[in-house]
Amino acid sequence: MEYRLIGEIVLNKNIKQKEIEVKKYLKKSEEDILKTLKDLDEIKFESEYEIKDNNLILVRMDTYRQSAHSIFYRIRKTLAEYLGKNLHIGITTLEVKHLKIKFPLEKLPIENLQIPFVNKIEFNKQEKTCTIEFENIDKNFITKGNVERLIKRIKEKIDLTYYEGKAEYYKLLYESPKREIKVNSDPTIEMVNRNWIAPASTKGKWVYWAPATALFRTMEKIVVEELLNPLGFNEMINSNIVSGEDIWLRTGHLEGMPMEIYYVAEPVTRNVKAWEHFVDLLKITKEIPYDEFKKMIQFKPLKGLVYAQCPSIYWALKGKTIAVETFPILLFERATNSFRYESGGRHGIERVDEFHRIEVVFMGEPEELLKIREKIAEKYKHIFNEILEIEWRMASVTPFYMQQAGDLFEMGLEEGQLGTIDYEAWLPYRGTREDSEWLEFQNLSIVGEKYIKAFNIKHQKNQLIWSGCTGIGLERWVAVFLAQHGLNRKEWPQKFKEYIPDMPKPLKFY
Ligand code: ATP
Ligand code: ZN
Ligand code: MG
Numbered sequence: 004m005e006y007r008l009i010g011e012i013v014l015n016k017n018i019k020q021k022e023i024e025v026k027k028y029l030k031k032s033e034e035d036i037l038k039t040l041k042d043l044d045e046i047k048f049e050s051e052y053e054i055k056d057n058n059l060i061l062v063r064m065d066t067y068r069q070s071a072h073s074i075f076y077r078i079r080k081t082l083a084e085y086l087g088k089n090l091h092i093g094i095t096t097l098e099v100k101h102l103k104i105k106f107p108l109e110k111l112p113i114e115n116l117q118i119p120f121v122n123k124i125e126f127n128k129q130e131k132t133c134t135i136e137f138e139n140i141d142k143n144f145i146t147k148g149n150v151e152r153l154i155k156r157i158k159e160k161i162d163l164t165y166y167e168g169k170a171e172y173y174k175l176l177y178e179s180p181k182r183e184i185k186v187n188s189d190p191t192i193e194m195v196n197r198n199w200i201a202p203a204s205t206k207g208k209w210v211y212w213a214p215a216t217a218l219f220r221t222m223e224k225i226v227v228e229e230l231l232n233p234l235g236f237n238e239m240i241n242s243n244i245v246s247g248e249d250i251w252l253r254t255g256h257l258e259g260m261p262m263e264i265y266y267v268a269e270p271v272t273r274n275v276k277a278w279e280h281f282v283d284l285l286k287i288t289k290e291i292p293y294d295e296f297k298k299m300i301q302f303k304p305l306k307g308l309v310y311a312q313c314p315s316i317y318w319a320l321k322g323k324t325i326a327v328e329t330f331p332i333l334l335f336e337r338a339t340n341s342f343r344y345e346s347g348g349r350h351g352i353e354r355v356d357e358f359h360r361i362e363v364v365f366m367g368e369p370e371e372l373l374k375i376r377e378k379i380a381e382k383y384k385h386i387f388n389e390i391l392e393i394e395w396r397m398a399s400v401t402p403f404y405m406q407q408a409g410d411l412f413e414m415g416l417e418e419g420q421l422g423t424i425d426y427e428a429w430l431p432y433r434g435t436r437e438d439s440e441w442l443e444f445q446n447l448s449i450v451g452e453k454y455i456k457a458f459n460i461k462h463q464k465n466q467l468i469w470s471g472c473t474g475i476g477l478e479r480w481v482a483v484f485l486a487q488h489g490l491n492r493k494e495w496p497q498k499f500k501e502y503i504p505d506m507p508k509p510l511k512f513y
């Protein structure tokens with residue numbers, strides 16, 4: 004990497020008479036900093052100082068490998084000491100006027116790339132390098148490490164252009180026996196026709212009338228009795244609202260899916276008087292006065308509705324040292340709904356903006372966790388084959404961000420120990436089992452230390468803690484079940500019917 008920096012140091016006194024001494028201290032402070040750096044001969048440091056306008060020093064620095072901007076800011080402290088003690092001169096400001104960085108790339112971008120904060124960005128195809136230029140950079144921008152993160156973001160954006168459209172890593176782990184399919188229709192349409200469900204007041208959400216709710220509760224009962232109780236999971240209840248700063252900034256959700264989050268705003272005040280104008284406008288026009296409304300709600304700090312249930316569970320454990328006897332932690336949560344702005348992807352009850360899910364979370368030492376995952380997978384197999392009697396399959400999938408994360412492999416992990424297993428089922432109304440896209444109706448993941456580290460959760464005996472989760476999407480379970488068995492109870496598998504002795508009567512309208 005090559006750096007070229009042009010900077011300015013403004014002093015609080017005229018130094019016309021002391022030029023030689025000031026330059027000497029500049030060199031001395033520079034040497035002090037360079038001494039602390041490793042591999043000095045590889046840095047190829049070059050600098051030039053020119054005194055202008057009596058109290059202004061123009062600095063030019065060329066460095067290789069070691070960043071010029073960090074050396075420039077580190078010089079300030081030493082220089083201030085020398086000038087203060089020996090010449091009674093102080094530093095008023097020290098600013099980077101221009102910074103140019105050239106760095107090598109593994110891949111060149113395939114399309115035009117935009118990045119904020121830089122004045123210029125250029126790629127050299129022959130050299131496989133990128134050059135960026137900044138003007139007048141703020142000190143905080145440099146000392147907080149933003150320059151380095153900006154370079155990382157450029158490389159990440161280049162990588163992303165290569166992944167687009169590529170399939171995930173996918174390895175089939177299990178295929179259930181083939182089932183004789185009784186129906187071939189979209190269960191959402193059937194449920195609407197029979198008044199089991201109806202559209203809710205906002206997009207992508209449903210009102211589940213008694214028959215649909217009875218099915219959801221049956222699925223929950225099966226999960227609790229067949230899987231969660233036997234394995235010793237305990238139920239907990241979390242909050243529906245999630246903090247952007249405390250939770251999503253740490254889990255990466257705000258970087259990964261800001262476009263899918265449902266944001267929540269609190270009123271600016273509860274003061275009745277302050278809302279009087281809003282109410283006046285509303286009462287007179289019988290319309291919502293949005294311009295006034297915007298003034299009455301808070302955007303900061305950022306909050307939203309649950310996207311996935313587990314981040315809030317980890318947050319509640321942040322900074323805690325967990326007692327040995329508490330392991331493994333086995334919890335599940337089903338009181339909060341999950342919200343995702345699916346927009347054009349919405350379909351039926353299987354891709355909705357508000358869904359009901361039992362989120363099962365487990366934490367413990369790695370070996371124990373792998374055993375827990377085995378046991379969960381066994382129970383699922385039993386439920387799908389013996390109770391729901393559906394045609395399904397299981398595959399190991401690794402999201403690209405995980406395939407990229409070299410640290411997984413540095414940990415000496417075998418393939419498949421970390422990562423996600425997707426459970427998919429055939430929806431006959433979408434087409435043949437061979438050619439149609441199957442529905443992912445749940446997954447089972449071990450995410451290693453990802454969240455444990457993000458929330459600084461510790462083991463009493465300092466052992467390594469891993470965590471994992473499995474989210475049981477009730478809409479998708481019901482969609483799969485009905486797509487394969489239909490809506491007539493008499494067609495349903497015997498063991499399933501034992502869990503739901505009666506279906507509630509649907510409402511009738513004339
Ligand atoms: P997809 O690729 O289908 O969007 P995802 O990768 O976003 O799924 P996860 O974040 O892994 O899904 O969520 C886990 C489970 O939550 C899914 O297996 C599914 O059961 C459920 N789920 C996710 N999104 C929806 C949705 N929009 N509607 C209904 N259920 C959903
Ligand atoms: Zn989870
Ligand atoms: Mg999704």
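Just so you know, our numbering puts the end of the sequence shown at 513, numbered straight through with nothing missing. From the three backbone atoms N, C-alpha and C, an ideal C-beta is built for every residue, glycine too. If you're wondering where the values come from, they're calculated on a predicted model, not measured in any experiment.
Annotation for Gly93 indicates a beta carbon at 7 Å or more from all heavy atoms of the ligand ATP. Its chain contains Leu372, Leu373, Arg376, Gln420, Leu421, Gly422, Trp469, Ser470 and Gly471 as the residues whose beta carbon lies nearer than 8 Å to that of Ile449, once the 5 sequence neighbours on both sides are disregarded; these appear in chain order. By alpha-carbon distance to Asn58, the top candidate from Gly235, Gln20, Gln301 and Glu370 is Gln20. Between the beta-carbon of Val355 and that of Lys208 there is about 6 Å, and that keeps the pair under the 8 Å contact cut.
Going by DSSP, Trp469 is part of the beta strand (DSSP E) stretching over Trp469 to Gly476. C-alpha of Tyr6 to C-alpha of Ile46: approximately 10 Å in a straight line. Beta-bridge pairing by DSSP links Lys105 to Glu5 and Thr134. Secondary structure of Thr95 (DSSP, three-state): strand. Bounds of any beta strand (DSSP E) do not take in Leu90; it lies within the alpha helix (DSSP H) bounded by Ala71 to Leu90. By the Cβ rule, the segment 144 to 153 does not count as touching the segment 356 to 368, because fewer than three pairs are nearer than 8 Å. Look at Ala326 here: in three-state DSSP terms it is coil, with no helix or strand label.
If you check the C-beta of Gly474 against the ligand ZN, you find a heavy atom less than 7 Å away. One alpha carbon belongs to Asn143, the other to Glu171, and they sit about 39 Å apart.
Inclusion of Pro509 and Trp212 in the CB contact set at 8 Å is warranted, their separation being smaller than that value. Between Leu14 and Ile78, the beta carbon gap of about 14 Å keeps them out of contact (Cβ cut-off 8 Å). Looking at the DSSP output, Glu389 shares a beta bridge with no other residue. Excluding its 5 nearest sequence neighbours in each direction, Ala326 has C-beta neighbours in its own chain below 8 Å: Gln463, listed in chain order.
Relative to the ligand MG, the nearest heavy atom lies less than 7 Å away from the CB of Arg343. Shown here for Lys158: same chain residues with a beta carbon closer than 8 Å to its own, the five before and five after excluded, namely Leu108 and Glu109 in chain order. Distance from the Cα of Lys30 is smallest, within the candidate group Asn17, Ile18, Ser50 and Ile12, for Ser50. Within its own chain, the residues whose Cβ lies closer than 8 Å to the Cβ of Leu477, once the five positions on either side in sequence are excluded, are Phe219, Met222, Glu223, Phe358, His359, Arg360 and Ile361, listed in chain order.
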